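The sequence shown begins at 2 in this note's numbering and counts up by one.
First comes the structure, then the notes that go with it.
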Amino acid sequence: MKKLLILPLFLVLITTINSEAQIFNTSLTLTVRDELGNTVEGATVQLYNSEADYLAETNVFVEGVTDKKGVVKFKKLEGKSYYVLARKGDINNAGGGEQIGQLEEGKFNKATVIIQ
Numbered sequence: 002m003k004k005l006l007i008l009p010l011f012l013v014l015i016t017t018i019n020s021e022a023q024i025f026n027t028s029l030t031l032t033v034r035d036e037l038g039n040t041v042e043g044a045t046v047q048l049y050n051s052e053a054d055y056l057a058e059t060n061v062f063v064e065g066v067t068d069k070k071g072v073v074k075f076k077k078l079e080g081k082s083y084y085v086l087a088r089k090g091d092i093n094n095a096g097g098g099e100q101i102g103q104l105e106e107g108k109f110n111k112a113t114v115i116i117q
């Protein structure tokens with residue numbers, strides 16, 4: 002009788018743990034800084050899926066603008082690596098092949114990009 006009660010409780014526990022892991026979407030908080038380390042407000046930030054798209058500046062996956070703290074947040078991303086193009090006026094990180102590391106699935110990821 003005890004074994005019959007333990008098995009359903011175990012299954013419920015495992016289902017709850019797995020569903021909690023999927024509650025959070027993969028997100029990225031990206032900070033843009035200039036060559037002096039100051040945050041850059043109002044910078045346009047674009048994420049690309051491939052280096053070819055990044056270099057050609059086509060097929061932008063997602064785009065945002067940094068806030069007064071130099072931060073832009075992207076939600077509902079895939080757990081993979083993206084190419085990042087950030088620019089404000091005549092300063093940017095173009096041509097450097099700026100790639101952020103693999104994002105952790107279901108986590109709040111952070112990265113910093115330097116523009117000059």
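Beta carbons are placed, not taken as given, at the ideal position from N, Cα and C, and that holds for glycine.
Here the structure is a predicted model, which means the values were calculated and not measured.
Residue closest to residue i, alpha-carbon to alpha-carbon, out of the options
i: Glu99; options: Phe25, Tyr83, Val66, Asp68; result: Tyr83
i: Ile116; options: Thr40, Lys108, Gly107; result: Thr40
i: Ala95; options: Glu58, Leu29, Thr30, Lys108; result: Glu58
CB contact flag (residue i, residue j, <8 Å)
i: Val63; j: Gly43; result: no
i: Val61; j: Tyr49; result: yes
i: Leu28; j: Asn110; result: Rather than Leu, the amino acid found at residue 28 in this sequence is Ser. A contact, by the Cβ cut-off of 8 Å.
i: Thr30; j: Lys74; result: yes
i: Leu56; j: Lys81; result: no
Buried or exposed (CB count within 10 angstroms, at least 16 for buried), residue i
i: Gly102; result: exposed
i: Ala87; result: buried
i: Ala22; result: Low confidence applies to Ala22: its pLDDT is 49, below 50, so where it sits in the model is not reliable, and the reading given next is rough at best. Exposed, because fewer than 16 other Cβ atoms sit within 10 Å of the Cβ of Ala22.
i: Gly71; result: buried
(request) Could you name each continuous beta strand (DSSP E) segment of 3 residues or more that falls completely within the region 21-81, going from the start of the chain to the end? (result) If only complete runs of 3 or more residues are kept, the region 21-81 shows the beta strand (DSSP E) at 27-35, 45-49, 63-66, 72-78, in order along the chain.
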